[in-house]
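Read the structure below first, then the notes.
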Amino acid sequence: MSMITQSPNLSCDQACRIAHDEYGLIVTAEVLPSERDQNFKLCTEDGRAFVLKIANGEEDRSFLEAQNQVMARLQERHITYCPKLIQTRSGADFFDANTNESTYAGRLLTWLPGEVLASCKWQGPELLHHLGVCVGEVDGALKGFDHAAFNRGDFPWDLRNASAVIDRYMDQVEDSQLR
1 MSMITQSPNL SCDQACRIAH DEYGLIVTAE VLPSERDQNF KLCTEDGRAF
51 VLKIANGEED RSFLEAQNQV MARLQERHIT YCPKLIQTRS GADFFDANTN
101 ESTYAGRLLT WLPGEVLASC KWQGPELLHH LGVCVGEVDG ALKGFDHAAF
151 NRGDFPWDLR NASAVIDRYM DQVEDSQLR
């Protein structure tokens with residue numbers, strides 16, 4: 001089964017219940033776009049915001065733990081434009097989101113305010129320069145960091161697999177001028 005068919009499908013009400021039960025938060029929830037996981041923006045009455053991430057049923061927990069380690073390392077190195085992991089009331093990094101069909105690993109992150117790069121109407125040199133500076137800072141902060149879970153073979157989003165992914169899906173672009 002593919003990761004896309006194992007995507008969680010929780011309701012906003014379920015997300016609010018999880019936020020209350022696991023984190024003691026009273027929130028409203030809004031679904032955020034996602035490829036294979038499920039994400040919610042959670043907002044409290046006092047203006048705080050969070051991202052509730054429910055991992056795909058096929059996702060390896062060690063991969064999620066590796067992501068958490070990356071966030072922790074970036075925080076240690078004072079990279080402030082990276083979300084922070086919020087532990088549950090019991091002090092755990094993850095909780096189990098149970099549905100009728102499956103159990104999914106979930107976690108809560110801080111919300112980073114701002115505009116998604118793809119939504120920016122003008123992407124001029126200043127914005128691109130700032131993006132490059134941020135990527136360079138993250139790259140420097142992660143120098144020497146590795147985790148076995150990041151070696152995922154043929155994972156399509158791994159840039160080392162870009163050529164193979166392009167070759168595999170090129171025919172999906174019907175307009176030959178766009179290929």
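Residue 179 is where the sequence shown ends in our numbering, and the numbering goes up by one at each step. Built from N, CA and C at the ideal position, the CB exists for glycine as well.
Could you give the distance in angstroms between the alpha-carbon of Phe94 and the alpha-carbon of Cys43?
For the purposes of this step, residue 94 is identified with residue 94 of the sequence shown, where counting begins at 1. For the purposes of this step, residue 43 is identified with residue 43 of the sequence shown, where counting begins at 1. Inter-residue distance for Phe94 and Cys43 is about 20 Å (C-alpha atoms, whole angstroms).
Val173 versus Trp157: straight-line alpha-carbon distance, rounded
On the sequence shown, position 173 is the one that residue 173 refers to. On the sequence shown, position 157 is the one that residue 157 refers to. Looking at the two C-alpha atoms, the distance is approximately 18 Å.
Could you pull the DSSP bridge partners for Thr28 from this structure?
Indexing the sequence shown from 1 puts residue 28 at position 28. Thr28 pairs with Cys43.
State the DSSP-derived secondary structure class of Arg107, mapped to helix, strand or coil.
Translated into the one-based positions of the sequence shown, residue 107 becomes position 107. If DSSP states are grouped into helix, strand and coil, Arg107 belongs with the strands.
Of the choices Phe145, Val165, Leu142 and Gly144, whose alpha-carbon is the least far from that of Gly153?
Position 153 of the sequence shown, counting from 1, holds the residue named residue 153. Among Phe145, Val165, Leu142 and Gly144, the Cα nearest to that of Gly153 is on Val165.
8 Å contact criterion, which Phe150 and Ala72 should meet: CB distance rounded
For the purposes of this step, residue 150 is identified with residue 150 of the sequence shown, where counting begins at 1. For the purposes of this step, residue 72 is identified with residue 72 of the sequence shown, where counting begins at 1. Not confirmed; about 15 Å, so no contact.
Going by the beta-carbon positions, is the gap between Leu64 and Ile18 smaller than 9 Å?
Position 64 of the sequence shown, counting from 1, holds the residue named residue 64. Position 18 of the sequence shown, counting from 1, holds the residue named residue 18. With contacts defined by Cβ atoms closer than 9 Å, Leu64 and Ile18 do not form a contacting pair.
Is the beta carbon of Gln38 closer than 9 Å to that of Val31?
As a position in the sequence shown, residue 31 is number 31, starting the count at 1. As a position in the sequence shown, residue 38 is number 38, starting the count at 1. Yes.
Should the stretch 107 to 119 be called in touch with the stretch 77 to 87, which here means at least 3 C-beta pairs below 8 Å?
Contact holds: three or more Cβ-Cβ distances are below 8 Å.
Let me know if Glu22 comes out buried or exposed under the rule of 16 or more other beta-carbons within 10 Å of its beta-carbon.
To locate residue 22, count along the sequence shown from 1; it is residue 22. The residue in question, Glu22, is buried, as its Cβ has 16 or more Cβ neighbours within 10 Å.
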